[in-house]
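Residue numbers (the working numbering): 12 to 328. Below you'll find the structure, written out as structure tokens, and then a few comments.
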């Protein structure tokens, strides 16, 4: 895989798979592409015979092709749910073994790790699985070290325990390919940010935590940037709202997100401009005004530098 080419994943679906698990894998990758403006990831859906697959909620999903027609790919990801003990015959198992040979990523999502263990790919390795099947997996395959974790990486092999673990793995991929700032932004889109829960006499309402456990002060700064995206303020005011000095705030951004505070603020405003460009019919001048840029020309230059295309091209895509 070239450093500039997308990471191409092949998702092999089995009847009984969870829609939530599949979405937790693919939607963050889609969001990463949208937010970055870069083709970081690509994917295809396949089944053993190329026919539609029925999820656990009885939704029929069409696939792109059959497993035997899969060519070059960077990873094969098995997605199964209920009934995994009866999903593969000997011929399918042999085909699967041929297809995973030499791949840099071989993954089992939800109960997909059971299928990997069944064909001997997890022997001597650590793995996880949906919590309801953890003891059963350990009993059926004593050669596998089963651990209670959201997801486990052991060499080229990835196993994920349910939708939460799949989301964590997907965010991990995004961080590796697109950087920590992009990883954080995608995590926020999928509800993994800390929210301040007002005291309403409800001790059962916990804080929601970020995936990346960012410091509170940094979260305050990011929140202030988002709230002022349309009418930007100087960084000193952002730092004041975060109870930080300018130097301390910039140090936190560099340490945890890999870019300056000013760079991240600009990135927020450009992402807002991209949403306006793709989802509204506003003029370039209106988009510039609503994303805090001094002029349409300033926005146009920054937008093209960030996303590699003009606002007009984004609007048509």
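Every residue, glycine too, gets a C-beta built ideally from N, C-alpha and C.
Just to confirm my understanding: we take residue i, look at its own chain, exclude 5 residues before and 5 after, and list those with CB closer than 7 Å. What are they?
i	result
residue 108	130
residue 137	156, 158, 163, 165
residue 115	85, 86, 167
residue 228	253, 254, 255, 263
residue 110	78, 81, 87
From what residue to what residue does the alpha helix (DSSP H) around residue i run?
i	result
residue 106	101 to 111
residue 183	173 to 189
residue 264	257 to 268
residue 21	Taken as a continuous stretch (DSSP letters only), residue 21 belongs to no alpha helix (DSSP H), being part of the beta strand (DSSP E) at 18 to 24.
residue 142	Per DSSP, residue 142 belongs to no alpha helix (DSSP H) and is neither H nor E.
residue 286	272 to 290
residue 38	30 to 47
residue 254	It is not in any alpha helix (DSSP H) - residue 254 carries neither H nor E in the DSSP assignment.
residue 300	295 to 301
residue 66	Per DSSP, residue 66 belongs to no alpha helix (DSSP H) and is neither H nor E.
residue 323	322 to 327
What would DSSP say about residue i, mapped onto helix, strand or coil?
i	result
residue 55	strand
residue 116	strand
residue 170	strand
residue 94	strand
residue 242	coil
residue 71	strand
residue 126	helix
residue 60	coil
residue 78	helix
residue 83	coil
residue 155	coil
residue 27	coil
Taking the beta strand (DSSP E) that residue i falls in, what are its first and last residues?
i	result
residue 318	Careful: residue 318 lies outside any beta strand (DSSP E), inside the alpha helix (DSSP H) at 307 to 318.
residue 86	86 to 91
residue 163	162 to 165
Taking the alpha-carbon positions, what's the residue i to residue j distance?
i	j	result
residue 120	residue 152	17 Å
residue 290	residue 296	16 Å
residue 98	residue 325	43 Å
residue 145	residue 234	39 Å
residue 310	residue 198	26 Å
residue 186	residue 83	24 Å
residue 264	residue 74	41 Å
residue 112	residue 240	48 Å
residue 160	residue 38	22 Å
residue 71	residue 288	34 Å
residue 8	residue 201	Only positions 12 to 328 of the chain appear in this structure, which leaves residue 8 out of reach.
residue 236	residue 183	25 Å
residue 248	residue 232	10 Å
residue 226	residue 266	11 Å
residue 211	residue 102	Confidence at residue 211 is low in this model, with a pLDDT of 37, below 50, so its placement is unreliable and no value can be given for it.
residue 143	residue 92	11 Å
Please work out which residues of its chain come closer than 8 Å, Cβ to Cβ, to residue i, disregarding the five sequence neighbours upstream and downstream, and give them in chain order.
i	result
residue 313	277, 281, 304
residue 319	48, 49
residue 51	17, 18, 40, 43, 44, 185, 188, 189
residue 127	89, 117, 119, 133, 138, 168, 170
Who are the Cβ neighbours of residue i in its own chain at under 6 Å, not counting the five residues just before and after it?
i	result
residue 196	46
residue 104	130
Relative to the ligand SAM, is the shortest distance from any of its heavy atoms to the C-beta of residue i smaller than 8 Å?
i	result
residue 277	Although the ligand SAM was asked about, the structure shown includes no ligands whatsoever.
Within 8 Å, do at least three Cβ pairs link the stretch 21 to 28 to the stretch 59 to 67? yes
Check: Taking contact to mean at least 3 C-beta pairs separated by less than 8 Å, is the stretch 250 to 259 in contact with the stretch 173 to 181?
Finding: no
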